[in-house]
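Residue numbers (the numbering used here): 144 to 358. Single-structure report; data block below.
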Amino acid sequence: MRRVHVSRPPPSESARSHLFFRLLGWRLRHYADATLKLLLRRWQSVLFVLLVVSPAATPLAAQIDAVGTPIRKIVEGGSPAYALTAWLILSLLAIAWAAVQADALRGGAPWRYLRTLPRLSRFETGLDLTLLLIVDLPLLLPFAAYGISLLGSARSGGSEHGLLALALGIQWPIVQQLVLRGSWAALLVAASALMAMLALCVDGAREFALVLLTG
């Protein structure tokens with residue numbers, strides 16, 4: 144007796160979106176459980192750092208401007224030495240931030256199994272980047288502060304500066320993802336970002352910098 148193979152129709156867009164957010168929810172729960180244990184072990188150090196870096200007597204507007212200053216000086220051009228130094232320090236901090244949470248970000252042993260199942264591997268890159276964007280929110284505060292300062296200022300080129308800052312901020316999750324996967328492509332992305340830093344310090348090279356960051 145011949146077996147009749149009935150091909151299943153491909154899942155709809157809504158079904159794929161539903162599965163993506165279910166998987167993202169699972170990854171976030173796993174991350175929260177894993178990092179909560181780490182935070183409980185290091186709560187004294189975390190509390191000390193928060194007390195040191197929170198200037199309670201400083202007005203909110205001044206705090207926002209101070210937090211966004213490194214990104215402003217990088218995006219709006221100026222000293223190449225400052226731009227490269229600030230970007231290297233911030234990038235190394237972002238890589239270290241991901242490295243100390245590597246297993247939680249990778250999803251642990253359960254995710255290593257799930258990624259072998261059919262039709263789930265296609266979501267891996269999107270899930271990794273979305274999770275990293277959420278986890279990186281504390282690191283992205285300088286970009287948010289710079290964006291807020293642009294909204295409240297009358298400086299020319301605000302939209303261009305905002306677009307460049309957004310393109311720069313996206314570099315970190317991409318590099319972190321490649322580092323967590325052990326890919327040498329992380330060096331290429333990091334090198335492109337450094338070249339963009341130098342281009343931002345040269346008059347008339349902003350479009351080239353944007354191409355490097357988005358291409």
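Yeah, the Cβ is synthetic: ideal placement off N, Cα and C, and Gly gets one too.
For Asp-246 and Ala-177, believed in contact at Cβ under 8 Å, the rounded distance: 7 Å
Return the CA-CA distance between Leu-293 and Gly-305, expressed in angstroms with no decimal places. 7 Å
Alpha carbon to alpha carbon, what distance is there between Gly-325 and Ser-335? 18 Å
Let me check understanding here. Comparing Cα to Cα, which of Gly-312, Pro-285, Leu-330 and Trp-327 lies closest to Gln-206? Pro-285
Since I believe Met-338 is in contact with Trp-230 (beta carbons under 8 Å), could you give me their beta-carbon distance rounded to a whole number of angstroms? So it is not a contact: roughly 11 Å between Cβ atoms.
Taking the beta carbon of Tyr-256 as the centre, do at least 16 other beta carbons fall within 10 Å, making it buried, or is it exposed? exposed
Candidates Gly-168, Ala-209, Leu-282 and Leu-356, of which the one nearest Ile-232 by Cα: Leu-282
Pick from Ala-158, Asp-279 and Ala-175 that is closest to Ser-234, judged by C-alpha positions: Asp-279
For the alpha helix (DSSP H) that contains Val-332, what are its first and last residues? 328 to 343
What is the C-beta distance between Val-210 and Ala-288, in whole angstroms, given that I count them as a contact (C-beta under 8 Å)? 4 Å
Answer with buried or exposed for Trp-327, where buried requires no fewer than 16 other C-beta atoms within 10 angstroms of its C-beta. exposed
For Glu-267, which residues in the same chain have their Cβ closer than 7 Å to its Cβ, ignoring the five residues on either side in sequence? Arg-258
Looking at Leu-276 and Pro-316, is the spacing between their C-beta atoms short of 7 Å? yes
With DSSP run on the structure shown, which of helix, strand or coil describes Arg-255? helix
Taking 7 Å as the threshold (beta carbon to beta carbon), is Leu-321 in contact with chain D? No chain D is part of this structure, which consists of one protein chain only.
Give the straight-line distance between the Cα atoms of Ala-308 and Ala-342, rounded to the nearest whole angstrom. 14 Å
Do Leu-167 and Thr-273 come within 7 Å of each other at the CB atom, strictly closer than that value? yes
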